[in-house]
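If you count the sequence shown from 1, you need to add 52 to reach my numbering. Glycine residues also receive a C-beta, built at the ideal position from the N, C-alpha and C atoms. For reference, the structure discussed in these notes is given below.
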Amino acid sequence: MKQRRLRWMGGLGVLVLLALLACLPMVARGAPDAQENAPPPRVFDTMPLPGEELALDMPVTFYFDVPMDRASVEAAFSLSPQVEGALSWTDDMTLVFTPSAAYERATQYEFTIGTGATSAEGVAMEEEFSLKLNTIGYLEVSEALPADESQDVDTDSVITVIFNRPVVPLLTVEDMGDLPHPLQFDPPVEGTGEWLNTSIYLFTPSEGLRGGTEYTITVPSGLEDVTGSILKDAYQWTFSTLKPDVLEITPSDEREGVLLDVKVSVGFSQEMDPDAVAEGFSLNKIATLTEGSITPVPISGSFEWDGAGRYMTFTPDERLDLESTYEIAIDRDKTLSASGAPLREGASAVF
């Protein structure tokens with residue numbers, strides 16, 4: 053009886069052991085490794101974004117979608133071309149690269165995080181992450197007016213410079229006095245400069261440009277825009293202004309039947325120097341001598357000018373003679389504009 057009970061107890065132990073062994077695979081199948089179902093980590097955002105310009109000292113931030121193993125990420129990080137800098141973490145999901153030396157200007161940099169980077173759970177990145185950023189370039193002059201090597205430019209022209217980037221911020225009129233005035237003139241020109249907008253600069257000469265003069269205008273190197281871009285090389289251009297011209301003479305050439313108390317008038321294209329015009333102007337009676345030679349007889353008189361200095365009237369001191377021929381002559385080199393430029397060509401009229 054005792055022997056039978058022992059045999060039964062042994063058999064029961066075997067059954068319990070077999071049941072436990074049968075349950076082990078089921079437990080293993082019911083608790084898979086967490087890595088098998090965890091998705092691979094990825095960079096879902098950056099600052100700056102792709103396509104944005106990179107300032108020369110700007111940190112670059114990478115945002116992961118899960119907590120990362122910091123050491124593996126740092127080992128998988130690379131930058132081309134190389135720049136000295138440091139990696140830091142604001143938390144387990146945010147990596148920051150801060151340059152200790154400035155990036156090169158107008159250069160493309162590629163930031164890479166390889167597949168060796170793993171999450172805190174040990175899951176590796178499925179694909180390499182790459183971010184390409186271009187550093188800020190150089191400020192340039194896109195257009196200048198009057199154009200380079202222009203001839204016969206009007207003396208009341210406004211000088212305009214258009215830049216490829218915003219040079220100044222948007223400001224109120226009251227604050228514009230502190231903005232840069234980037235033009236240098238040779239010969240010097242007095243005037244007023246203003247920014248039409250953030251990238252267009254206008255300069256208005258206060259008394260106009262000098263006629264018949266070649267101007268050289270320079271935008272010095274080093275001018276900086278609002279993003280830190282600089283004008284690498286000085287920009288320079290030249291143009292020549294129009295010489296003064298005689299637009300009209302009254303009485304006109306070959307006019308007949310002119311009144312004896314006529315007043316002679318001359319219109320110019322630019323403001324003139326009254327003293328120089330008096331020096332270069334003459335009204336002469338053409339006298340024929342018995343030998344057949346022609347001798348001019350000067351006619352004296354007085355000069356009057358309009359307010360703009362472009363229209364002159366000469367009044368003879370005495371009435372002109374009947375049935376006589378007179379010549380108006382304006383010397384090219386003696387007749388000067390208010391800015392000292394000679395006439396493009398002389399002029400005359402016989403009546």
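- Short of 6 Å from the beta carbon of Glu178, and not among the five residues preceding or following it, lie these beta carbons of its own chain, in chain order: Pro92.
- Inter-residue distance for Pro102 and Ala138 is about 21 Å (C-alpha atoms, whole angstroms).
- Nearest C-alpha to Leu183 among Leu235, Ser345, Glu104: Glu104.
- Secondary structure note for Glu331: its alpha helix (DSSP H) is the uninterrupted segment 326-332.
- Within the same chain, Cβ atoms closer than 6 Å to the Cβ of Tyr363 are found at Gly319, the five residues on either side in sequence being excluded.
- With a contact defined as Cβ atoms closer than 8 Å, Val193 and Val271 qualify at about 6 Å.
- Inclusion of Pro234 and Leu275 in the CB contact set at 7 Å is warranted, their separation being smaller than that value.
- For Lys295, the closest of Gln322, Ala286, Arg122 by C-alpha to C-alpha distance is Gln322.
- Going by C-alpha positions, Ala330 is about 8 Å away from Phe355.
- With contacts defined as CB atoms closer than 7 Å, Ser130 and Arg217 fail to qualify as a contacting pair.
- Excluding sequence positions up to five before and after Ser352, its CB lies within less than 6 Å of the CB of Asp369, all in the same chain and listed in chain order.
- Ala128 is bridged by DSSP to nothing; it lacks a bridge partner.
- Look at Asp369 here: in three-state DSSP terms it is coil, with no helix or strand label.
- Proximity to Leu147 across Leu395, Ser132, Glu126, Gly361 peaks at Glu126, based on C-alpha coordinates.
- By DSSP's assignment, Ala107 forms no beta bridge with any residue.
- Judged by their CB atoms, Leu254 and Thr293 are not nearer to each other than the 7 Å cut-off.
- Residues of the same chain with a CB within less than 7 Å of the CB of Asp109, apart from the 5 flanking positions on each side, are Pro151, Ala154 in chain order.
- In the three-state scheme derived from DSSP, where H, G and I count as helix and E and B as strand, Asn249 is classed as coil.
- If the five residues before and after Pro239 are omitted, its C-beta is found closer than 8 Å to the C-beta atoms of Arg262, Thr265, Tyr267, all from its own chain and listed in chain order.
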